[in-house]
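Novice: One structure is given below, represented as structure tokens, and several questions about it will come after.
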Amino acid sequence: MVGSSGSSGSSASHPDQGQGQGQGQGQQQQQQQQQPPPPPPPEQESTPTATWPANAAVLTASDPQEPDSDEEDNDEDIDDDDINDDADSALGHDTASTTASLSASIMDYRTVHGRTFHSEKHATRYWGPNDDRQNDAMDINHHVLTLLLDGKLHLAPLRPDIQKVLDVGTGTGIWAIDFADEYPACQVLGTDLSPIQPYWVPPNCKFEIDDAELTWTWPAETFDFVHARYLVGAISDWARLFRQAYAALKPGGWIETWEPDAAFKSDDGSVPDDSHLVRWTTMNHEGGRRLGKPFTVVSDDLQVKSLQEAGFTDITVKNLKVPVGPWPADPKFSEVGQYSQFAIEQDLEGTIMFMWELVMQKPMDEMRIFAMNIRKEIRSRVIHAYIPARLVYARKPL
């Protein structure tokens, strides 16, 4: 889930979460819970592998075998009553009436074709569902990035005694929870458009409902570290986002941003221009253009340009390739590819749905066929696709 921190008015704290900094309202409670481990990668057949060299040379594979292409569409409807029941129970008996009213309205999710999206109370239009199926996919993506970073939650050189951290667009809160566990003396705040985070969290972690596109109202120089990822297609003005982060950071504080480029590439020409993967890329780029929220964050170098414009220094860039499928010969990247494929397949229809209606404007039955063809391609042993991504961290001068 993306889109999140900062609000033009007062932001609503996540009901029943612990009391902390920011602009949360009402009384809240905190509980502790272990985050469940990521699901195992899907079963894969033993297949020929292609090389994954560090210098990103052309990748090749030998004697690929195409798997059976029969695919069954397993799209499931989410039970909206269950979601609303959970949301209502989160208000608690001691929550102030004003906060309860605000929270109830924000939990009044939109339902589209059996899937739920964030409340219309937010002005921000965000393309992703906020239900369990999409949330599971986000948690798998967290594991993908953790694998790519060799188990690290960040690359910015943080001091061990940092005190306050902001996670913009926290989604399910999985990164914020893991970070709070790793830095138990640090207060971690995660913000998002929807209250989809767990209620059992570390005592030094809390969540608030907030919109990063609006004016941030935290006092200047509040945070030691601002973390943001998976905001692709959610931000209309990246320079403004980073200017607000700059103001909210203490001098010497760090910001880290990680974004994929919502595109499928190959180094060996195995992703043809007429593939459904390329058509999906084109649809997302056109949808982002219509929304005014670009999906071309990496290819347009928006992270670096916007960080420079905001005044950050010591900018460090790490370009990454996220393989889709187990095709790389390197065991690490083969595992990453299995999980990234699993994340895509976990909620392919939900990820496509919003842009399909906005751009294609065709029946949902055709969308399901489109999704089926995408599944065939990412399972193909002759396609060696990857998603370009970029991690950038930078420092606010002392």
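Oh and the sequence shown: position 133 is 133 in the UniProt record's numbering, straight run, nothing missing. All residues carry an ideal CB built from backbone N, CA and C; glycine is no exception.
So asparagine 204 and alanine 228 are supposed to be a Cβ contact under 8 angstroms. How far apart are they, rounded?
Specialist: Within the sequence shown, residue 204 is the residue found at index 204, counting from 1. Within the sequence shown, residue 228 is the residue found at index 228, counting from 1. Actually they do not touch by this definition, with Cβ atoms about 20 angstroms apart.
Novice: Near lysine 318, which residues of its chain fall below 6 angstroms by C-beta distance, leaving aside the five closest residues on each side in sequence?
Specialist: Locating residue 318 in the sequence shown gives position 318, where the first residue counts as 1. These residues qualify, in order along the chain: Leu391.
Novice: Give me, in chain order, the residues of the same chain whose beta-carbon lies closer than 6 angstroms to that of alanine 220; leave out the 5 immediate sequence neighbours on both sides.
Specialist: Residue numbering aside, residue 220 sits at position 220 when the sequence shown is read from its first letter. Excluding positions up to five away in sequence, the list reads Ala247.
Novice: To the nearest angstrom, report how far apart methionine 353 and proline 160 are at their CA atoms.
Specialist: Indexing the sequence shown from 1 puts residue 353 at position 353. Indexing the sequence shown from 1 puts residue 160 at position 160. Approximately 42 angstroms between the Cα atoms of the pair.
Novice: Buried or exposed: glycine 252, going by 16 or more other Cβ atoms within 10 Å of its Cβ?
Specialist: Translated into positions along the sequence shown, residue 252 becomes position 252. Result: exposed.
Novice: Do leucine 214 and glycine 169 have their C-beta atoms closer together than 7 angstroms?
Specialist: Mapped onto the sequence shown, residue 214 falls at position 214. Mapped onto the sequence shown, residue 169 falls at position 169. No, the pair does not count as a contact, with Cβ atoms beyond the cut-off.
Novice: Under DSSP, the alpha helix (DSSP H) around threonine 281 begins and ends at which residues?
Specialist: As a working note, residue 281 is residue 281 in the sequence shown. Counting along the chain, the alpha helix (DSSP H) containing threonine 281 begins and ends at 276-291.
Novice: Report buried or exposed for tryptophan 200, applying the criterion of at least 16 other Cβ atoms within 10 angstroms of its Cβ.
Specialist: Numbered from 1 along the sequence shown, position 200 holds the residue referred to as residue 200. Tryptophan 200 is exposed by the Cβ-count criterion.
Novice: So does the stretch 370-385 actually touch the stretch 300-312, counting three or more Cβ pairs closer than 8 angstroms?
Specialist: As far as the Cβ criterion goes, the stretch 370-385 does not touch the stretch 300-312, which means the pair count is below three.
Novice: Use the C-beta contact count for arginine 395: other C-beta atoms within 10 angstroms, 16 or more gives buried, fewer gives exposed.
Specialist: Counted from its first residue, the sequence shown places residue 395 at position 395. Arginine 395 is buried by the Cβ-count criterion.
Novice: What is the DSSP secondary structure of alanine 50, counted as helix, strand or coil?
Specialist: Residue 50 sits at position 50 when you count from the first residue of the sequence shown. Interpretation of alanine 50 is limited by its pLDDT of 39, a score under 50 that renders its predicted location unreliable; no figure is taken from the coordinates.
Novice: Return the bridge partner residues of glutamine 341 from the DSSP annotation.
Specialist: Within the sequence shown, numbered from 1, the residue matching residue 341 stands at position 341. Its beta-bridge partners do not exist; DSSP assigns none.
Novice: If you follow the alpha helix (DSSP H) that alanine 304 is in, where does it begin and where does it stop?
Specialist: Within the sequence shown, residue 304 is the residue found at index 304, counting from 1. The sequence as given places valine at residue 304; alanine does not occur at that position. Valine 304 -> alpha helix (DSSP H) spans 302-310.
Novice: With respect to the alpha helix (DSSP H) encompassing lysine 376, which residues constitute its N-terminal and C-terminal limits?
Specialist: Indexing the sequence shown from 1 puts residue 376 at position 376. Run containing lysine 376: 364-379, per the alpha helix (DSSP H) assignment.
Novice: Quick check on DSSP: helix, strand or coil for phenylalanine 223?
Specialist: By one-based count along the sequence shown, residue 223 stands at place 223. The answer is strand: DSSP assigns phenylalanine 223 an E or B state.
Novice: If you run the structure through DSSP and keep just helix, strand and coil, what is arginine 240?
Specialist: The count along the sequence shown starts at 1 and reaches residue 240 at position 240. Helix at arginine 240.
Novice: Please report the distance separating the alpha-carbon of phenylalanine 207 from that of tryptophan 218.
Specialist: The count along the sequence shown starts at 1 and reaches residue 207 at position 207. The count along the sequence shown starts at 1 and reaches residue 218 at position 218. If I take the Cα positions, the gap works out to 14 angstroms.
Novice: Compare the beta carbon distance of aspartate 261 and serine 299 with 7 angstroms and say whether it is the shorter of the two.
Specialist: On the sequence shown, residue 261 is found 261 positions in, with the first residue counted as 1. On the sequence shown, residue 299 is found 299 positions in, with the first residue counted as 1. In contact: aspartate 261 and serine 299 (Cβ atoms closer than 7 angstroms).
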